[in-house]
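Engineer:
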Amino acid sequence: MSDQHSRAELFRSLHTAASPLVLVNAWDVASARIVAAAGARAVATTSAGVAWSLGAPDGDALGREAAVDLVRRIAAAVPVPVSVDIESGYGANPAEVGETARAVIAAGAVGVNIEDARYDGGPALRDVDDQCARIAAVRAAADAAGVPVFVNARTDTFLRGVDGVAGTVARAKAYLAAGADGVFVPGVVDPDTIRALVTGLSAPVNVMAGPGAPAVPELARLGVARVSLGSSVAQAAYAAARRAADEAFGPGTYQTLAGGFDYGALNSLMR
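And the structure:
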């Protein structure tokens, strides 16, 4: 059994409400190593953070080549399983999404997030059949590679205000039937809504947490198996840069730099 296969099996086993998988999403090698050193059981990327760090906006603008290169760097840099966010697949059709999946698996990924949001000016979400074909292409790429990749189907029904619990559950069930292993529903923090989603789905449910969301122990009691911080950590890091710039260009002082990551400690993580 290959090391990647073993990591994939481990990653799968971490999806349990008894002890939810908490993902402090990374966007470059440094952030991935920091998260891993803090005790992460796995590292997941944030597509927004990755895109911003490479000079592109979030929303399928980055492109496959740049995304895969970053996956390769992160997977080689940390000793834990790596799951990657491929947005809607960096492809115009399921076949191209399959190419993306093959590339990120070859780069070392053992988990893949794929979302149903659209950024082309059309409907807010992809047609269910179209999205199912994209998920099936990711599943087929994983099977062909012989790696039990965890396919996390993200649905943006709540983020886009398209549907409620019933519609989200219906979409999610279709995605699971197409080959997904779990369902990611960002934009939901209300305990009753989370409980309804968990009850309606017989698969690991992933929510996005941040200020105002229930704490991890409460999410565990609600049945959540995976908790992601999404782009919020990258946003906080960039906010620190903005505050430092505002202070230096304004009063000309440097107090916002206090409490930064110790230079020696950070440098040692890169060795």
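Everything in the sequence shown is counted per the numbering used here, starting at 11 for the first residue and increasing by one. A virtual CB, placed ideally from N, CA and C, is assigned to each residue, including glycine.
DSSP on V78, reduced to helix/strand/coil?
Structural biologist: If DSSP states are grouped into helix, strand and coil, V78 belongs with the helices.
Engineer: Contact check, T110 vs G99 under 8 Å by CB: the rounded distance?
Structural biologist: The pair is a contact, with the Cβ atoms about 5 Å apart (cut-off 8 Å).
Engineer: Using a Cβ distance threshold of 8 Å, determine whether the stretch 58 to 71 contacts the stretch 85 to 93, with at least three qualifying pairs required.
Structural biologist: Not touching, per the Cβ criterion.
Engineer: Check whether the stretch 192 to 209 and the stretch 219 to 236 touch, using three or more Cβ-Cβ pairs below 8 Å as the test.
Structural biologist: They touch, by the three-pair rule.
Engineer: So V78 and A117 are supposed to be a Cβ contact under 8 Å. How far apart are they, rounded?
Structural biologist: Confirmed, Cβ separation roughly 5 Å.
Engineer: Taking D126 as the reference, which of R252, E75, A190 and A36 has the closest Cα?
Structural biologist: Residue A190 is the option with its Cα nearest to D126.
Engineer: Measuring straight from C-alpha to C-alpha, what distance separates G171 and L33?
Structural biologist: Their Cα atoms are separated by approximately 25 Å.
Engineer: Look at D68 and A58 and say whether their C-beta atoms are less than 8 Å apart.
Structural biologist: In contact: D68 and A58 (Cβ atoms closer than 8 Å).
Engineer: Under 8 Å between the Cβ atoms of I115 and A36?
Structural biologist: No, Cβ-Cβ distance for I115 and A36 is not below 8 Å.
Engineer: For S242, report the span of its beta strand (DSSP E) as first-last.
Structural biologist: No beta strand (DSSP E) holds S242; the alpha helix (DSSP H) holding it covers S242 to F259.
Engineer: Step through the CB atoms of chain D and report whether any lies within less than 8 Å of the CB of A250.
Structural biologist: Any reference to chain D falls outside this structure, which holds one protein chain only.
Engineer: Looking only at its own chain, which residues have a Cβ that is under 7 Å from the Cβ of V226, when we skip the five neighbours before and after it?
Structural biologist: Hits under 7 Å: P30, V32 and V237.
Engineer: With a 10 Å radius around its C-beta and 16 neighbouring C-beta atoms as the bar for buried, classify E75 as buried or exposed.
Structural biologist: It counts as exposed.
Engineer: According to the Cβ coordinates, are T56 and S241 closer than 8 Å?
Structural biologist: A contact, by the Cβ cut-off of 8 Å.
Engineer: Tell me, please, which residues DSSP counts as bridged to I124.
Structural biologist: Partner(s): A163.
Engineer: Quick test of your reading: A46 and V39, contact by CB under 8 Å. State the CB separation rounded to the nearest angstrom.
Structural biologist: The Cβ separation is near 10 Å, so there is no contact.
Engineer: In this structure, how does DSSP classify R51 when only helix, strand and coil are distinguished?
Structural biologist: Residue state, collapsed to three classes: coil.
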